Amino acid sequence: MTADAGTYLYVVARDSGAPSPEGLSGVAGAPVRAITRSGLVAYVSTVPLAEFGEEPLQRSMEDLDWLDATARAHHHVVEAVAVAVPAVPVRLVTVYSGDEQVSGLLEERHDDFCQALDRITGRQEWGVKVYADPAEQAEPAAAQESGGAATGPGAAYLRKRQAGLRSREEAWRRASARAERVHDRLASVAVAGRRHRAQDPQLSGRKEWMILNGAYLVDEERRAEFVRTVDELRGEGGELELTGPWAPYSFAALDEGGEP
Amino acid sequence: MTYPEPRGAMLAEEGRLPAERVALVDLLDRLLAGGVVVSGDLVLSIADIDLVRISIHALITSIRDDE
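Respectively, the protein sequence lines represent chains A and B.
To convert, note that position 71 of the first sequence is 70 in numbering that gives the first Met the number 0; the numbers rise steadily by one, no gaps.
To convert, note that position 29 of the second sequence is 28 in numbering that gives the first Met the number 0; the numbers rise steadily by one, no gaps.
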């Protein structure tokens, strides 16, 4: 491998029964290859460092089209493997200096990868987002009591504004409590639950508050129960959006006491 | 299989969304905050830089440009 190319790593699985990478293409349209070692297989492709080196990447990540294409290409490879066998996805844009380094990784972290694979085997990730309409959550702003003592337009304005802030705080407090309940309930049907940061309204394209952006790792046998629970919670109000099944992105971690 | 409320069940029956139909923002939640982070002989890893912030900035800018 020359110094102007790197090895992009997508996903790791057990070697036995893993699908062939043949015909699969990854980021920048490059063909996907498999590197096998110690009973594990890593799906990789070669990437030019002119595009995936640290400096060009800083710029590329600001380019929505590039980010979109790269994220989807990464996801495509992960999906192709994860639909067939238990698979541990790797974070977007993880680039090694060469195949030998990936091979070394499989050997050195063999036990950690096996543990991570055991954790997600027979399980899938589901996403549940909950939206709340601030207007519905809020009590109608306290009616302006007219004719109160010592009222000028300024005092009336301040009272009204304070009432507005209070009712917004109250609405937020209730929405948070609701999010907590929904999360706990879903997590009780799941092996693990995790809350992602709420999406910016400008990204979700919705004006409602996103009060929960949850990910849940669910046993295959409890899939119907999980879906039913989502529907029950939906009946209790607020809007719930279910996505999935996902490859276990949110629950892929190697034990090193670091990142989740 | 039937469930009292069909929406979620339908989604579950449909199986996985094709990659092009997945919302980018849902994908980025997972690709930038999830996935194994491996340390070692890396040329680079996305974990090194605060790319979540950068990408979100890119998304917002682009959405605003469309309007």
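Note that beta-carbon positions come from the ideal geometry of N, C-alpha and C, so glycine has one too.
These numbers come from a predicted model, not from an experiment.
Leaving out the 5 sequence neighbours to the left and right, which residues in its chain are closer than 7 Å to residue i when beta-carbon positions are compared?
i, result
"Pro200/A", "Lys206"
"Gln198/A", "Met209 and Asn212"
"Ala115/A", "Val87, Ala251, Ala252 and Leu253"
"Arg108/A", "Leu253"
"Arg32/A", "Pro20, Val43 and Ser44"
"Pro55/A", "Ala49"
"His182/A", "Gly192, Arg194, Leu211 and Gly213"
"Met60/A", "Leu66"
How close, in whole Å, do the beta carbons of residue i and residue j come, if the pair is a contact with beta carbons under 8 Å?
i, j, result
"Glu124/A", "Tyr42/A", "Contact doesn't hold; Cβ gap of about 19 Å is too wide."
"Leu30/B", "Leu91/A", "4 Å"
"Asp3/A", "Ala49/A", "7 Å"
"Tyr130/A", "Val76/A", "Tyr130/A to Val76/A, Cβ: 31 Å. No contact."
"Val21/B", "Val89/A", "Incorrect: roughly 18 Å between the Cβ atoms, too far for contact."
Examine chain B for any beta-carbon lying closer than 8 Å to the beta-carbon of residue i, and answer yes or no.
i, result
"Trp171/A", "no"
"Gln198/A", "yes"
"Thr93/A", "yes"
"Gly126/A", "yes"
"Pro88/A", "yes"
"Tyr248/A", "yes"
"Trp208/A", "no"
"Ser203/A", "yes"
"Asp3/A", "no"
"Thr45/A", "no"
"Asp98/A", "no"
"His73/A", "yes"
"Leu185/A", "no"
"Ala141/A", "In this predicted model, Ala141/A has a pLDDT of only 45, less than 50, meaning its place in the structure is not dependable; the value taken from the coordinates is given anyway. No, Ala141/A lies away from the interface with chain B (no Cβ there is under 8 Å from its Cβ)."
"Leu39/A", "no"
"Ala251/A", "yes"
"Thr242/A", "yes"
"Asp67/A", "yes"
"Leu211/A", "no"
"Ala131/A", "no"
"Ala70/A", "yes"
"Ala27/A", "no"
"Leu116/A", "no"
"His182/A", "no"
"His109/A", "no"
"Leu216/A", "no"
"Leu23/A", "no"
"Leu104/A", "yes"
Contact criterion: CB-CB distance below 8 Å. Does residue i meet it with respect to chain A?
i, result
"Arg20/B", "no"
Kindly list the residues whose CB is nearer than 6 Å to the CB of residue i, restricted to its own chain and excluding five residues on each side of it in sequence; keep chain order.
i, result
"Ala29/A", "Ser44 and Thr45"
"Arg36/A", "Ser102, Leu105 and Glu106"
"Glu240/A", "Lys128"
"Ser145/A", "At Ser145/A, the pLDDT of 48 sits below 50, so the modelled position is not reliable and the matter cannot be decided from this model."
"Thr69/A", "Val26"
Opposite residue i in the DSSP bridges: which residues?
i, result
"Glu238/A", "Tyr130/A"
"Arg196/A", "Beta-bridge pairing links Arg196/A to no other residue."
"Pro88/A", "Val10/A"
"Arg180/A", "Answer by DSSP bridge pairing: none, since Arg180/A is not bridged."
"Ile261/A", "No answer is possible for residue 261/A: it lies beyond the span of chain A, which begins at 0 and ends at 259."
Cutting at 8 Å between CB atoms, please list the residues of its own chain near residue i, excluding the five before and the five after it.
i, result
"Val188/A", "Tyr215, Val217, Arg221, Glu224, Phe225 and Thr228"
"Leu185/A", "Val127, Gly192, Gly213, Tyr215, Phe225, Thr228, Val229 and Leu232"
"Phe275/A", "Here chain A covers residues 0 to 259 and nothing more, so residue 275/A does not appear."
"Gly16/A", "Ala83 and Val84"
"Asp14/A", "Thr35, Gly38, Leu39 and Val40"
Just mark residue i as buried or exposed, buried being the case when its beta carbon has 16 or more other beta carbons within 10 Å.
i, result
"Gly5/A", "buried"
"Asp25/B", "buried"
"Tyr7/A", "buried"
"Ala12/A", "buried"
"Glu21/A", "exposed"
"Ala246/A", "buried"
"Gly151/A", "exposed"
"Gln57/A", "exposed"
"Gly34/B", "buried"
"Glu78/A", "buried"
"Thr120/A", "exposed"
"Leu66/A", "buried"
"Tyr95/A", "buried"
"Ala154/A", "exposed"
"Gln143/A", "Its pLDDT being 46, under 50, Gln143/A is placed unreliably in this model, and the value from its coordinates should be taken loosely. So Gln143/A ends up on the exposed side."
"Arg160/A", "exposed"
"Ala176/A", "exposed"
"Leu164/A", "exposed"
Mind checking whether the beta-carbon of residue i lies closer than 7 Å to any heavy atom of the ligand GTP?
i, result
"Tyr42/A", "Of ligands this structure carries none, so the ligand GTP is not represented either."
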